[in-house]
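Be aware that the sequence shown starts at 2, since it is given in full-length UniProt numbering, and climbs by one per residue. C-beta atoms are modelled at their ideal positions from N, C-alpha and C, and glycine is treated no differently.
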Amino acid sequence: TDLHTSIDKFQFNNVFMNASGVRCYTKDELDELAQSDAGTLVTKSATQTKRLGNPSPRYAPLELGSINSMGLPNEGLEYYLDYALDFQKAHPEKPIFLSVAGLSMEENLAMAHTIENSDFNGLVEFNLSCPNVPGKPQTGYDFDRTQEVLTNLFDFFTKPAGVKLPPYFDLAQFDQMATILNQFPLKFVNSINSLGNGLMIDPETDTALIKPKGGFGGIGGAYAKPIALANVRAFAQRLDPKIQLIGTGGVTNGRDAYDLILAGASLVQVGTLLQEEGTVAFTRLTRELRAVMQTKGYNAISDFRGQLKVLS
Ligand code: RRO
Numbered sequence: 002t003d004l005h006t007s008i009d010k011f012q013f014n015n016v017f018m019n020a021s022g023v024r025c026y027t028k029d030e031l032d033e034l035a036q037s038d039a040g041t042l043v044t045k046s047a048t049q050t051k052r053l054g055n056p057s058p059r060y061a062p063l064e065l066g067s068i069n070s071m072g073l074p075n076e077g078l079e080y081y082l083d084y085a086l087d088f089q090k091a092h093p094e095k096p097i098f099l100s101v102a103g104l105s106m107e108e109n110l111a112m113a114h115t116i117e118n119s120d121f122n123g124l125v126e127f128n129l130s131c132p133n134v135p136g137k138p139q140t141g142y143d144f145d146r147t148q149e150v151l152t153n154l155f156d157f158f159t160k161p162a163g164v165k166l167p168p169y170f171d172l173a174q175f176d177q178m179a180t181i182l183n184q185f186p187l188k189f190v191n192s193i194n195s196l197g198n199g200l201m202i203d204p205e206t207d208t209a210l211i212k213p214k215g216g217f218g219g220i221g222g223a224y225a226k227p228i229a230l231a232n233v234r235a236f237a238q239r240l241d242p243k244i245q246l247i248g249t250g251g252v253t254n255g256r257d258a259y260d261l262i263l264a265g266a267s268l269v270q271v272g273t274l275l276q277e278e279g280t281v282a283f284t285r286l287t288r289e290l291r292a293v294m295q296t297k298g299y300n301a302i303s304d305f306r307g308q309l310k311v312l313s
């Protein structure tokens, strides 16, 4: 059973990879991802300069997932770009993703210029959906702003790129966002980032579980699965077929990944599960996805990608 997949001209020997933010902060963590069974990896979303992020505790595992308000801690673009440039020399057969998340349009455009003028030859993921920086609304929930950012970006940016989006909950939002996205030469759309601004309470102490923002944080894991499936499916139905889908949210076993692929995903990212289990999660997910495919009589991802059936 072959788990090979592709985005644009880029080939991957496994559909699984990390979700940005999880175990991809340091070069050591990135090396561990590279050595795992994952098909590729993405770096922690970068800002122009290093950030320490929000005060701890800023991540907590939950019964069905996780809550985080990391606040974009990262080593700065240069660190991750350096890593990517070294990596592509050492592993020309394994294209990787560089994630960027500017706190303003100017910062996003400045980072895009730096990448454009570099030798980076992988894919760039523009994160339009960080929910956790106090005072900074998620770009992906402001449609005019998203249009403006992408217009200014693709005015000069020519490297293969995509966007990481927040979850949407109304079909009119999918219509509007897809109309915007279809105007640009995007190679992929990655849905979804965490469910923004959830709240979990410790029953012993009646206290919010995490410290930043009075306890509000992005929810990931099993809580997110039906929302992720709907977002991947809704965009697959609306986007130009040249724009591929990356499915992220709620993967805890091989069947969850199979479902995201049925909904239209070409790659599957793993967040909370990877945080909790480590890179060995990819070994189990790979085995479980292969088993589901074998049961269904499928030999390749392309045999069932996007083939979700609905009741008539
Ligand atoms: O760093 C974070 O707090 C964070 C980011 Br940038 C993001 O995109 N999604 C998330 O759940 N946390």
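Between the Cα of residue i and those of the options, spot the shortest distance and give me the residue it belongs to.
i	options	result
A235	D9, F144, L172	L172
E277	L65, N55, F170	L65
G222	P161, G251, R306	G251
T44	L31, S37, P56	L31
L82	E289, E117, G54	E117
G72	K10, L312, G216, D260	G216
S105	L246, L129, G279, A162	L129
V233	E289, V269, I211, N75	V269
S195	A225, T208, A39	A225
R239	D176, L261, N191, I228	D176
N198	I244, P227, N183, Y60	Y60
I247	V150, A258, A266, A237	A266
S100	P161, L63, Q184, F157	P161
Quick check on DSSP: helix, strand or coil for residue i?
i	result
N232	helix
G219	strand
K310	coil
F98	strand
T48	coil
T27	coil
I262	helix
F13	strand
S267	strand
Y224	helix
K214	helix
A209	strand
A39	coil
V150	helix
D32	helix
D257	helix
P62	strand
F121	coil
S67	strand
Could you spell out where the beta strand (DSSP E) holding residue i opens and where it closes?
i	result
F127	124-128
M18	17-19
T140	Unbroken run through T140: none, as it is neither H nor E.
N109	Not the beta strand (DSSP E): N109 falls in the alpha helix (DSSP H), residues 106-117.
T6	6-8
L166	162-166
T249	245-249
Y169	Premise fails: Y169 is in no beta strand (DSSP E) and is neither H nor E.
I193	Segment: none, I193 is in no beta strand (DSSP E) and carries neither H nor E.
Quick check: is any heavy atom of ligand 3 less than 8 Å from the C-beta of residue i?
i	result
M71	Ligands present in the displayed structure are limited to ligand 1, and ligand 3 is not among them.
Going straight from the alpha carbon of residue i to that of residue j, what length do you get?
i	j	result
L187	T48	21 Å
T296	L286	15 Å
T147	A20	22 Å
V16	L263	13 Å
K28	L154	28 Å
M294	N300	7 Å
T159	V311	38 Å
T249	Y84	24 Å
D38	I97	14 Å
T115	V164	18 Å
E108	E126	15 Å
P93	T280	22 Å
D260	S119	37 Å
L124	T41	11 Å
F189	T206	43 Å
P138	M112	19 Å
residue 314	S7	Here the chain has residues from 2 to 313 only, and residue 314 is not among them.
K214	L166	21 Å
A209	N55	15 Å
F144	I181	8 Å
N14	C25	20 Å
First and last residue of the alpha helix (DSSP H) that includes residue i?
i	result
I181	172-182
K297	281-297
K90	78-91
L200	From DSSP, L200 is part of no alpha helix (DSSP H) but of the beta strand (DSSP E) over 196-200.
R274	Here the sequence assigns Leu to residue 274, which means Arg is not the residue at that position. 273-278 is the extent of the alpha helix (DSSP H) around L274.
List the DSSP bridge partners of residue i.
i	result
I302	BP columns for I302 are empty, so no partner.
D203	T208
D241	Per DSSP, none; premise fails for D241.
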